[in-house]
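Student:
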Amino acid sequence: MTSAPSADPVRPAAFPLVLGLDTFGDVTHDADDRPVSHARTIRDIVEQGVLAEQVGVDFFGIGEHHTDDFPLSAADVVLGAIAARTSRIRLGSAVTVLSSDDPVRVFQRYSTLDAVSGGRAEVILGRGSSVDSFPLFGYDLADYEQLFEEKAQLFAELRKGGPVTWKGTMRAPLHEQDVVPHTESGPFPAWIGVGGNPQSVIRAARYDYALMLAIIGGSPARFAPFSRLFHQARTQLGRDPLPIGVHSPGHVAATDEQARAEFFPRYQEVIRRVARTRGFAVPTRESFLREVGPHGALYVGSPETVARKIAANLPLLGANRFEMKYGMGGLSHGALMSAIELYGTQVIPRVRELLS
Amino acid sequence: MGDDDGTAGADAPAATRTLSPRPRTAVLGAGHTGPVIARVALAAGYPVSIAASGDPANIALITEVLAPGAQARWAPDAVADAGIVVLAIPLHRFPDLDPALLAGKLVVDTMNYWPPVDGVQELFDDPRHGSSEMVQRRLARSTVVKTLNHIGYHDLEDDRRPAGAPDRRALGVAGDDPAAVGTVADLIERVGYDAVRLDSLRAGRLLQPGGPVFGVPLGRTEFTRALARTHHTDRGSS
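Top line first, the protein sequences correspond to chains W and V. Counting along the first sequence from 1, when you hit position 81 you're at 81 in full-length UniProt numbering, and nothing is skipped either side. Counting along the second sequence from 1, when you hit position 113 you're at 113 in full-length UniProt numbering, and nothing is skipped either side.
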């Protein structure tokens with residue numbers, strides 16, 4: 001019952017191909033395999049973002065987290081630092097945990113980033129797999145759906161620009177409220193990250209968000225129906241199509257063997273730690289090899305292996321954008337810089353060639 | 001998966017030769033898990049209704065694209081003519097569900113109490129009882145069977161195998177009513193898994209998060225062994 005790749009692609013890509021990188025800001029380890037400080041991790045991420053621009057990466061995204069292992073709680077500040085040292089690469093969140101944030105503040109922070117960067121800001125909204133922000137900011141996880149629904153709706157209004165009038169139950173109402181800074185050239189791109197809930201897909205379509213499929217385990221092919229659902233929902237609403245992206249974890253090294261040897265022990269350890277609190281199975285070597293194979297979610301290998309997998313999956317999913325979530329707690333800054341360089345100089349040109 | 005009738009011959013385990021008819025199955029929930037359960041039940045030959053909390057028009061497109069062949073209906077209509085009702089909602093939404101809606105029905109509880117992911121819920125935060133025991137207590141006029149909670153919704157489709165396949169996974173089916181457990185075990189077998197029966201919801205605690213089979217792909221022999229080992233250890237330590 002392996003899911004056979006569908007013969008007919010969801011839809012030919014009508015949008016330009018975008019190849020990006022995301023990080024959750026996993027704490028790196030030094031030469032003695034000891035974790036570096038949070039401050040050092042954050043400075044290293046600025047360097048990683050700058051390198052990403054230099055080697056031709058289209059987008060650099062930072063996922064909000066609030067834990068000792070992932071200290072990137074204020075992604076937009078880090079993105080501002082990268083913006084100041086770059087001129088071309090697009091910058092965004094991956095994801096912003098909107099449910100436990102204030103949509104007005106998210107809009108203000110990202111329209112400020114848009115100003116600092118000369119119109120390069122984007123935002124991806126979602127829950128992510130991290131729930132630590134809920135108790136931190138005094139929200140109840142049981143209110144998750146309603147929080148997200150209301151805030152996604154308000155954020156969609158804010159994005160349009162102009163005075164906003166809005167009323168809900170989870171936040172104070174707004175009446176003809178001008179929210180600054182105004183963006184220079186219309187709304188910045190905004191996405192909703194979806195991990196498998198079809199109602200989130202419908203919501204993205206309804207509020208004019210692009211769709212980011214977060215595929216972190218199992219066969220990418222089983223997300224193809226979500227792309228179809230998104231397109232059909234847009235059609236039913238009488239609205240234009242919007243881009244679809246894919247976010248998946250990966251690691252690139254000179255050879256498949258090297259990439260796997262570097263990545264697997266770190267991956268296993270990170271999941272082992274999460275599994276302890278969440279009660280699910282720790283990956284085995286066998287399950288890892290399934291995930292790095294053609295029917296798995298991990299993009300771990302040589303530039304050729306990773307490029308082929310990206311080029312195979314984008315048409316299958318009707319997607320025009322791929323964001324490889326690089327980094328895994330415990331890898332070194334050097335290994336990450338090398339992965340970014342290979343991704344930019346070898347994977348990206350090869351994907352473009354394969355898809356042209 | 002298709003129809004399994006052709007495979008229920010000499011190679012199939014004894015249990016699959018005496019399967020019950022396929023009652024209409026109502027799936028309550030159109031989130032992560034509902035459409036997947038609807039899809040595999042349809043493929044196993046069951047007529048399927050799917051319902052969310054409101055107007056079926058809201059889930060018509062989801063049903064059409066993700067579970068073609070299922071009928072999107074109002075929850076009371078879906079439940080009314082169903083022989084099996086599958087609860088595929090997040091556990092924190094369970095207290096909103098009216099027990100009267102499910103009175104007299106065989107209810108499959110696929111939910112988990114998983115505080116690190118979903119937050120603490122008072123109703124279920126009692127180590128003396130399994131989450132399905134609490135569900136049964138609240139649904140006093142229904143017959144609750146626990147299953148499908150310990151396999152990822154995304155794996156449920158990919159990991160199906162025909163009866164007798166060497167890599168067929170086992171799934172636990174726990175309940176206090178043997179006839180209800182049998183009906184649900186037949187569904188599990190037809191979907192593509194070996195059903196391992198547990199004779200009470202109390203025993204079904206072994207299927208919960210943190211337990212020996214949660215999220216772990218195991219064949220029938222290893223599955224049974226893992227349950228027995230944990231059961232034994234629990235007794236020894238208490």
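Just so it is clear, CB atoms sit at the ideal spot from N, CA and C, and this is done for glycine as well. Predicted model only: the values in this text are computed from it and were never measured.
When you compare the stretch 256–267 of chain W with the stretch 178–196 of chain W, are there three or more beta-carbon pairs, one atom per stretch, that lie closer than 8 Å?
Tutor: Short answer: they don't touch.
Student: Can you check DSSP and say which residues form a bridge with residue 249 (chain W)?
Tutor: Per DSSP, W:325.
Student: Taking residue 228 (chain W) as the query, report the chain V residues whose CB atoms sit under 8 Å from its CB, ordered along the chain.
Tutor: 65, listed in chain order.
Student: From residue 136 (chain W) to residue 250 (chain W), what distance separates their C-alpha atoms?
Tutor: If you take the alpha carbons of residue 136 (chain W) and residue 250 (chain W), they lie about 29 Å apart.
Student: Quick check on the burial criterion: 16 or more other C-beta atoms within 10 angstroms. Buried or exposed for residue 77 (chain W)?
Tutor: Label assigned to residue 77 (chain W): exposed.
Student: Report the three-state DSSP secondary structure of residue 38 (chain V) (helix, strand or coil).
Tutor: The answer is helix: DSSP assigns residue 38 (chain V) an H, G or I state.
Student: Strictly below 8 Å CB to CB, what residues from chain V border residue 140 (chain W)?
Tutor: Within chain V, the residues near residue 140 (chain W) are 119.
Student: In chain W, what lies closer than 8 Å to residue 61 (chain V) by C-beta?
Tutor: Within chain W, the residues near residue 61 (chain V) are 202, 229, 232, 233 and 236.
Student: Taking residue 198 (chain W) as the reference, give the member of V:96, V:57 and V:30 with the closest Cα.
Tutor: Of V:96, V:57 and V:30, the residue nearest in Cα terms is V:30.
Student: Give the DSSP-derived three-state secondary structure of residue 171 (chain W) in the structure shown.
Tutor: Note: residue 171 (chain W) maps to coil in three-state DSSP.
Student: If you count every other CB in all the chains shown that lies within 10 Å of the CB of residue 103 (chain W), and 16 or more means buried, which is it?
Tutor: Buried, by the Cβ-count rule.
Student: Smallest Cα separation from residue 102 (chain V): which of V:59, V:91, V:129 and V:28?
Tutor: Nearest C-alpha to residue 102 (chain V): V:28.
Student: How many whole angstroms separate the CB atoms of residue 153 (chain W) and residue 207 (chain W), which I take to be in contact at a CB cut-off of 8 Å?
Tutor: Contact flag correct, Cβ pair sits at about 6 Å.
Student: Closest by CA to residue 55 (chain W), which one among W:93, W:113, W:256 and W:349?
Tutor: Ranking W:93, W:113, W:256 and W:349 by Cα distance to residue 55 (chain W) puts W:349 first.
Student: With DSSP as the reference, identify every bridge partner of residue 312 (chain W), one or two as the case may be.
Tutor: Partner(s): none; residue 312 (chain W) has no beta bridge.
Student: Within its chain, find whatever has a CB closer than 6 Å to the CB of residue 68 (chain V); leave out the 5 residues flanking it on each side and keep chain order.
Tutor: Hits under 6 Å: none found.
Student: Would the beta-carbon of residue 179 (chain W) fall within 8 Å of that of residue 158 (chain W)?
Tutor: Yes; because the gap between Cβ atoms is below 8 Å, this pair is in contact.
Student: Any Cβ of chain C within less than 8 Å of the Cβ of residue 313 (chain W)?
Tutor: Absent from the structure: chain C. Protein chains present are W and V.
Student: Over what stretch of residues does the alpha helix (DSSP H) that includes residue 133 (chain W) continue unbroken?
Tutor: Here the alpha helix (DSSP H) through residue 133 (chain W) covers 133–136.
Student: Can you pull the chain W neighbours of residue 216 (chain V), defined as C-beta to C-beta under 8 Å?
Tutor: The answer, in chain order, is 281.
Student: Output needed for residue 332 (chain W): all residues of its chain with C-beta closer than 8 Å, excluding positions within five of it in sequence on either side, in chain order.
Tutor: Within the same chain, residue 332 (chain W) has close Cβ partners 28, 29, 30 and 31.
Student: Would you list the one or two residues that DSSP bridges to residue 122 (chain W)?
Tutor: The partner list for residue 122 (chain W) (beta bridge, DSSP) reads W:92.
Student: Do you know whose CA, among W:183, W:161, W:148 and W:182, lies nearest residue 168 (chain W)'s CA?
Tutor: When each option's Cα is compared against that of residue 168 (chain W), the closest is W:148.
Student: Residues bridged to residue 68 (chain V) by DSSP?
Tutor: The partner list for residue 68 (chain V) (beta bridge, DSSP) reads V:70.
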